[in-house]
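Heads up: the structure comes next, in C-alpha cells.
Protein chains: 2
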Amino acid sequence: MAAGRLFCTEGYGSTSTYAIARAAGISQATMYHYFAGKHEILLALLLETVRPSVEYAEQLAASPEPPTDRLRKLVAYDARLLASGEENLGSLYLLPELGDERFAPFHAERQRLFETYRELVAACQGSSLEDAHPAASLVLGLVESLILRRRNEPHMLEDDIATRIADAALRIVQA
Amino acid sequence: MAAGRLFCTEGYGSTSTYAIARAAGISQATMYHYFAGKHEILLALLLETVRPSVEYAEQLAASPEPPTDRLRKLVAYDARLLASGEENLGSLYLLPELGDERFAPFHAERQRLFETYRELVAACQGSSLEDAHPAASLVLGLVESLILRRRNEPHMLEDDIATRIADAALRIVQA
DNA sequence: GTCTATAGATAGATAGAC
DNA sequence: GTCTATCTATCTATAGAC
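Protein sequence lines, in the order shown, are assigned to chains A and B.
Mapped onto the working numbering, the consecutive letters of the first sequence carry residue numbers 11 to 185.
Mapped onto the working numbering, the consecutive letters of the second sequence carry residue numbers 11 to 185.
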C-alpha cells in the first residue's frame with residue numbers, strides 16, 4: 011500500500027525503491043525478500059485492483075436479469091470501487107509505464123472486463139459485439155473518468171456519483 | 011516533440027534527459043541551453059497542448075449561438091484535438107508527476123477550460139454554475155476518456171469519434 | 001550554440017552477517 | 001526475515017573548450 015500511494019501521487023519511475031521501503035517502515039533491501047523488483051510490486055497492485063471488477067462483471071454476465079439492469083449494476087459497482095479506498099488506486103491504470111510487457115497480465119484482465127462491458131452493451135442495444143464496441147468504450151471511459159476527477163478534485167465528489175455515472179452510461183447506450 | 015513522445019509512452023520519471031537528447035539528435039548537455047531542466051520541457055508541452063482548447067472555449071463562450079450548439083462544438087473540437095497529432099500528447103495530462111507545484115501554470119489553464127465547460131453546461135441546463143458542476147465533470151471526463159482509449163487501442167478509433175462523443179455529451183447534459 | 005568530460009547524487013539490486 | 005554495507009549503473013546538472 012505504501013508503494014500504491016507513491017505510484018499514484020509521484021509516479022512509477024519517479025518513485026524509488028528506497029522511498030517505498032521507507033514509507034513501509036522496512037529497509038530497502040528487505041523489499042527484495044518479497045518482490046523481485048519494483049515492477050512486481052506494481053503488477054501485484056494492478057491485479058489486486060482490477061480483479062474484483064472482473065469477477066463481479068463475469069458473475070453478472072451469467073445473471074438472468076435484464077441487460078440494462080446488469081449494465082447499470084456493473085457501472086455503479088466499478089464507479090463505487092474507483093471512488094472508494096484511501097488511495098486513488100485506479101490511477102495506477104493511467105501510468106505510461108504500463109506499456110512495458112511485464113504488465114501484460116494486467117492488460118489481459120482489463121481486456122476481460124472490457125469484453126463483459128461490450129457484451130452487456132450489445133445486449134442492451136440488440137446489436138452485434140462489433141457494433142457495440144464504440145458505445146462500450148464510451149461507457150468504460152465514463153466510469154474511468156472518475157479516476158482523473160478524484161485526482162483533480164478529491165473533495166468535490168458527490169455522494170451519489172456512482173449512480174450519476176450509471177445514469178449517464180445508460181443514456182449513452184440507449185441511443 | 012522527442013520528449014513528448016517519450017513522456018507519453020515511457021512516463022516522465024522513467025524518461026532520462028539523456029534519452030530525450032538522443033531522440034532529438036543533440037547531446038544531453040545541449041538540452042540545458044534551451045531548458046533549465048526536464049520539468050520545463052514537460053511544462054512547455056502541457057501549455058502548448060492545452061492552450062488551443064482554452065482559446066477556442068473562451069472564444070466560443072462569447073458567441074451568440076444557442077448553448078447546446080456551442081457545447082457540441084467545444085466537445086467535438088477538443089475530441090478532435092485529442093484524437094489528432096502523431097503523438098497522443100493528451101496523455102501528458104495523466105502523468106502523476108503533474109502534482110508537482112512546478113506544473114501549476116498548466117493546472118490554471120485547465121481550470122479555465124473546465125470553467126467554460128461548466129458555464130456552457132449551466133446554460134444548456136438552465137441551472138446554476140454549482141448545479142452544473144457534476145454534469146460538466148462527466149462531459150469533460152467523456153472527452154478526456156479518448157486519451158486512454160487512444161493509448162489502449164490506437165488502431166480502433168472510429169472516424170466519427172468526435173461526433174460520437176459530442177452526441178453522448180449532449181445526451182448526458184440533456185437529462 | 002554545441003560539444004566532451006565529469007562532478008555529485010541517487011538509482012536498483014546483491015552479498016552476507018545475524 | 002531483516003539488516004548494514006556496498007557494487008555498479010545511471011541520473012541530472014555543470015564546467016569549460018571550441
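The beta-carbon is built from N, C-alpha and C at its ideal position, and this holds for glycine as well.
All figures in this text were calculated on a predicted structure; none of them were measured in a lab.
### Task
Using beta-carbon positions only, say whether L104 (chain A) and L158 (chain A) come within less than 9 Å of one another.
yes
### Query
When DSSP labels each residue in this structure, what does E116 (chain B) get in the three-state scheme?
Sequence inspection shows Phe at residue 116 (chain B); the Glu mentioned does not correspond to that position. Note: F116 (chain B) maps to helix in three-state DSSP.
### Task
Mind checking the stretch 94 to 116 of chain A against chain B and listing, in chain order, the residues whose C-beta falls within less than 7 Å of any C-beta there?
S101, L104, L105, P106, E107, G109
### Task
Verify the CB distance criterion: does I36 (chain B) have a CB-CB separation below 9 Å to chain A?
no
### Query
Just how far apart, CA to CA, sit R161 (chain A) and T19 (chain A)?
9 Å
### Task
Starting from I36 (chain A), trace the alpha helix (DSSP H) both ways and give me its first and last residue.
Taken as a continuous stretch (DSSP letters only), I36 (chain A) belongs to no alpha helix (DSSP H), as it is neither H nor E.
### Message
Distance check for T59 (chain A) and K48 (chain A), CA to CA, integer angstroms please.
### Response
17 Å
#### Entry: Rounded distance between the beta-carbons of L84 (chain A) and A67 (chain A), thought under 8 Å
6 Å
### Query
In the structure shown, what three-state DSSP assignment does P77 (chain B) receive?
helix
### Message
I need the DSSP call for E163 (chain B), collapsed to helix, strand or coil.
### Response
coil
### Validate contact between the stretch 36 to 53 of chain B and the stretch 91 to 101 of chain B using beta carbons, cut 8 Å, 3 pairs
no
### Query
Is S26 (chain B) helix, strand or coil when you go by DSSP?
coil
### Query
At a cut of 8 Å, does the stretch 140 to 150 of chain B reach the stretch 50 to 64 of chain A through at least three beta carbon pairs?
no
### Message
Quick check: is the beta carbon of I171 (chain B) nearer than 9 Å to any beta carbon in chain A?
### Response
yes
### Query
Quick one: Cα of L91 (chain B) to Cα of E140 (chain A), how far?
26 Å
### Query
In chain order, what residues of the stretch 21 to 33 of chain A put their CB closer than 9 Å to some CB of chain B?
G21, Y22, G23, S24, T25
### Task
Give the interface partners of L152 (chain B) over in chain A, defined as CB-CB distance under 9 Å, in chain order.
L148, G151, L152, S155, A178, I182
#### Entry: Where A132 (chain B) falls, given that 16 or more other Cβ within 10 Å makes a residue buried
buried
### Query
Can the beta-carbon of T173 (chain A) be found closer than 9 Å to that of C134 (chain A)?
no
### Query
What number of angstroms, rounded off, separates the C-alpha of A89 (chain A) from the C-alpha of F17 (chain A)?
21 Å
### Query
What residues of chain A sit near T19 (chain B), judged by a beta carbon separation below 7 Å?
P106, G109
#### Entry: Contacting residues, own chain, Cβ-Cβ under 8 Å from E168 (chain B) (five flanking each side not counted)
R174
### Message
Within 10 Å of its beta-carbon, does S94 (chain A) have 16 or more other beta-carbons around it, so buried, or fewer, so exposed?
### Response
exposed
### Message
Strictly below 8 Å CB to CB, what residues from chain B border R4 (chain A)?
### Response
No information on residue 4 (chain A) is available, as it lies outside the stretch 11 to 185 that chain A covers here.
### Between the CA atoms of L81 (chain A) and D177 (chain B) - distance to the nearest angstrom
20 Å
### Query
How close, in whole Å, do the beta carbons of Y22 (chain B) and G23 (chain A) come, if the pair is a contact with beta carbons under 8 Å?
7 Å
### Query
Rounded to a whole number of angstroms, what is the C-alpha to C-alpha distance between E129 (chain B) and Q184 (chain B)?
15 Å
### Message
Could you compute how far the alpha carbon of R112 (chain A) sits from the alpha carbon of L148 (chain A)?
### Response
27 Å
### Message
Rounded to the nearest angstrom, what separates Y87 (chain B) and E75 (chain A) at their Cα positions?
### Response
39 Å
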